[in-house]
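Enquirer:
Laid out in structure tokens, this is it:
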């Protein structure tokens, strides 16, 4: 540190050096800011070009694939619903058939052909007395 009272000219020279170095630093800062701004503008332009390329070339292809997948999905859903309907119909028929089977198991063919009963102490077949 220089004493200003003893060396006033040295102090002025030092202050002038500090001002010129701070001016140079400010100039460098401004220059670096301009350079950084230019770099960022170039990056922005590059990103915009990439975006336009995607919009023109990639997105139509993606939309086409999406439409194809939607059609396949709708077709699969319709097939599923049809198969489910067939399954429900078959299930309903099976249940009806099981009921008919259980009812048929209680039938007695001879009893249905020949009415077997009794009249007093005598047995009858179709109303004709035996014995």
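Residue numbers (our numbering): 218 to 348. Don't be surprised by glycine CBs; every beta carbon is placed ideally from N, CA and C.
In angstroms, rounded to a whole number, what distance separates the CA positions of residue 371 and residue 268?
Expert: Absent from the model: residue 371. The displayed extent of the chain is 218 to 348, so no value can be given.
Enquirer: Answer yes or no: do residue 347 and residue 340 have a C-beta to C-beta separation smaller than 7 Å?
Expert: In the chain shown, counting from the first residue as 1, residue 347 sits at position 130. In the chain shown, counting from the first residue as 1, residue 340 sits at position 123. Contact flag set, yes.
Enquirer: Taking Cβ positions only, does residue 293 come closer than 7 Å to chain B?
Expert: The structure shown has no chain B; it contains just one protein chain.
Enquirer: Straight-line CA distance for residue 345 to residue 300?
Expert: Taking the chain shown and counting its residues from 1, one reaches residue 345 at position 128. Taking the chain shown and counting its residues from 1, one reaches residue 300 at position 83. When rounded, the distance between both Cα atoms is 57 Å.
Enquirer: Label residue 313 either buried or exposed according to how many other C-beta atoms from any shown protein chain fall within 10 Å of its C-beta, with 16 as the threshold for buried.
Expert: Here residue 313 is taken as the residue at index 96 of the chain shown, counted from 1. Exposed, by the Cβ-count rule.
Enquirer: What first and last residue would you give for the alpha helix (DSSP H) that runs through residue 313?
Expert: To locate residue 313, count along the chain shown from 1; it is residue 96. 276 to 322 is the span of the alpha helix (DSSP H), which, as asked, contains residue 313.
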